[in-house]
Ligand SMILES: C[S@@+](CC[C@H](N)C(=O)[O-])C[C@H]1O[C@@H](n2cnc3c(N)ncnc32)[C@H](O)[C@@H]1O
């Protein structure tokens with residue numbers, strides 16, 4: 030049965046929040062102030078969930094989603110909200126979480142780091158459903174479901190990648206064994222002034238010679254770097270250039286090579302500003318020692334090293350650490366070193382002496398509680414935390430504040446416009 034609801038506000042995860050007879054309920058796709066018609070789909074002890082059926086009185090911040098499959102695709106969840114309102118929501122959530130956890134607001138709130146609101150995304154994991162070769166689907170999964178929503182063309186992907194999902198569907202439908210294609214890691218690489226697609230294709234079982242030939246001609250036609258990521262196919266790659274895939278940080282004269290599956294920040298334009306601001310806020314000088322925790326390919330380590338400090342990068346993935354070392358060598362940076370460590374382990378397996386003057390940490394969504402305790406005990410003077418989860422950031426910020434750190438600056442990092450993902454950076458000082 031449909032109910033008429035008046036939405037109170039946006040919950041931290043971007044859903045409309047309303048109280049029905051005193052009980053909290055969430056309505057995906059509904060905005061504050063709207064009167065909507067919705068149907069209850071789930072009841073729990075603490076809250077209910079409703080499906081939005083119709084918006085009867087729209088909010089002024091509501092916009093028409095440009096994507097024709099927005100109502101089905103799980104790739105974006107904020108296209109119905111004006112971009113300025115998306116930013117205001119992200120800022121409110123970040124500051125609210127920090128304030129509740131630490132009873133502090135940042136001494137300075139810097140301008141958000143932003144890019145073009147569409148055509149920005151340079152990395153996506155595409156799901157493939159090829160159970161029926163006549164209706165192969167390549168795209169993102171529907172929110173909260175295993176269903177693959179077929180994409181022809183995606184408006185948030187960088188122009189180099191936007192039409193690749195549709196082209197992949199056509200290719201997979203022609204293969205001898207379409208069902209052997211698992212997921213596909215899609216990324217874009219930069220070389221000189223060219224941007225080209227990078228495909229990490231997960232094959233289940235063996236790839237026959239005709240299918241291999243089809244993949245090779247696809248890579249040639251799209252000037253794509255192609256690698257099969259299953260164990261048995263690991264060595265097979267098609268390369269459009271003699272140089273391996275990578276991306277550039279022109280302000281630092283650095284290029285970072287990567288392989289499909291390595292973590293690369295999802296928005297090139299935002300990442301360039303994020304790195305520049307990280308280097309500026311950290312302000313590490315020659316003679317200082319900096320820890321880059323969760324360093325990936327050296328996205329922060331290498332630019333910091335170009336300014337003269339000695340950087341120690343730590344990361345759990347051995348192949349990524351090997352690439353980070355190669356990236357340092359290729360960029361002729363001898364003042365950085367990299368080590369493989371699991372930073373969720375306690376006590377921290379990083380040498381205690383000499384200690385560090387500053388730390389940049391960029392953990393996954395689970396945050397970095399063990400590392401943060403370790404940093405706080407050692408009273409390291411400057412800590413820059415790049416976060417993709419305001420909740421775990423706030424939890425970890427409390428450890429710093431309780432240990433005598435001050436929340437010096439913060440900024441929203443709008444890595445994924447049109448989605449409710451909230452990324453941010455915070456500087457803590459003693
Ligand atoms: C958000 S990414 C950041 C990477 C890098 N800072 C960048 O800007 O590209 C997080 C990185 O942490 C690594 N990682 C995940 N869990 C880890 C752990 N327990 N210990 C160390 N590194 C981990 C991942 O492999 C990934 O490279």
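Residue numbers (the working numbering): 30 to 459. Note that the Cβ used here is the ideal one computed from N, Cα and C, for glycine as well. These numbers were taken from a predicted model, which means no experiment stands behind them.
Under 7 Å Cβ to Cβ from residue 449, same chain only, skipping five residues before and after it: list those, please. 42, 43, 106 and 107
Considering residue 286, what are the terminal residues of the beta strand (DSSP E) in which it resides? 283 to 286
Counting pairs of Cβ atoms below 8 Å between the segment 343 to 353 and the segment 284 to 293, do you hit three or more? yes
Starting from residue 365, follow the alpha helix (DSSP H) in both directions and report where the run begins and ends. No alpha helix (DSSP H) contains residue 365, which is instead part of the beta strand (DSSP E) from 365 to 369.
Since residue 461 sits in a beta bridge, which residues does DSSP pair it with? Residue 461 falls outside the range modelled here, since the chain spans only 30 to 459, and no answer is possible.
Could you name the residues of the same chain whose beta carbon sits closer than 8 Å to that of residue 386, not counting the 5 residues immediately before and after it, in chain order? 313, 317, 318, 319, 338, 409, 410 and 411
Determine the closest residue to residue 253 out of 37, 69, 150 and 190, with distance taken between C-alpha atoms. 190
Would residue 454 pass as a contact of residue 432 if the rule is Cβ separation under 7 Å? no
Might you give, ordered along the chain, the residues of its own chain that have their beta carbon closer than 7 Å to the beta carbon of residue 168, omitting 5 neighbours on each side? 102, 155, 156, 177, 178, 179, 180 and 194
Is there at least one Cβ from chain C nearer than 7 Å to residue 116's Cβ? No chain C appears in this structure, which consists of one protein chain only.
Hey, is residue 450 close to ligand 1, as in C-beta under 6 Å from one of its heavy atoms? no
Helix, strand or coil at residue 41 according to DSSP, with G and I counted as helix: coil
Let me check you understand the geometry: is the CB of residue 391 closer than 6 Å to at least one non-hydrogen atom of ligand 1? yes
Limits of the unbroken beta strand (DSSP E) element including residue 309: No beta strand (DSSP E) holds residue 309; the alpha helix (DSSP H) holding it covers 297 to 311.
Is it buried or exposed, residue 163, if we count other Cβ atoms within 10 angstroms and call 16 or more buried? exposed
Could you compute how far the alpha carbon of residue 113 sits from the alpha carbon of residue 39? 14 Å
For residue 158, the residue or residues it bridges with in DSSP: 166
Inspect the beta-carbon positions of residue 460 and residue 356 and report whether they are closer than 7 Å. No statement about residue 460 is possible, as the shown extent of the chain runs from 30 to 459 and does not include it.
Taking the CB atoms as reference points, tell me whether residue 76 and residue 53 lie closer together than 7 Å. yes
Taking the alpha-carbon of residue 418 as reference, which of 159, 119 and 212 has the nearest alpha-carbon? 119
In this structure, how does DSSP classify residue 92 when only helix, strand and coil are distinguished? coil
Can you grab the Cα-Cα spacing for the pair residue 305 / residue 59, in whole Å? 36 Å
If we call anything under 7 Å between Cβ atoms a contact, is residue 227 one with residue 218? yes
For the 8 Å Cβ check, are there 3 or more pairs between the segment 143 to 150 and the segment 193 to 212? no
Using 6 Å as the cut-off, classify the Cβ of residue 344 as near or not near the heavy atoms of ligand 1, replying yes or no. yes
Please go through the same chain and pick out, in chain order, the residues whose beta-carbon is closer than 8 Å to the beta-carbon of residue 160, but skip the five residues on each side of it. 208
Are the CB atoms of residue 233 and residue 211 within a distance shorter than 7 Å? yes
Would residue 279 be called buried (16 or more neighbouring beta carbons within 10 Å of its own) or exposed? exposed
Using 7 Å as the threshold, is the C-beta distance between residue 78 and residue 68 below it? no
Residue 454, DSSP secondary structure in three states: strand
Where residue 279 falls: helix, strand or coil (DSSP): helix
Is residue 328 near ligand 1 - that is, is its Cβ less than 6 Å away from at least one heavy atom of it? yes
Does the beta carbon of residue 372 fall short of 6 Å from some heavy atom of ligand 1? yes
Could you give the distance in angstroms between the alpha-carbon of residue 92 and the alpha-carbon of residue 158? 31 Å
Enumerate in chain order the residues of its own chain whose CB-to-CB distance from residue 428 is below 8 Å, with the five nearest sequence positions on each side excluded. 398, 401, 402 and 405
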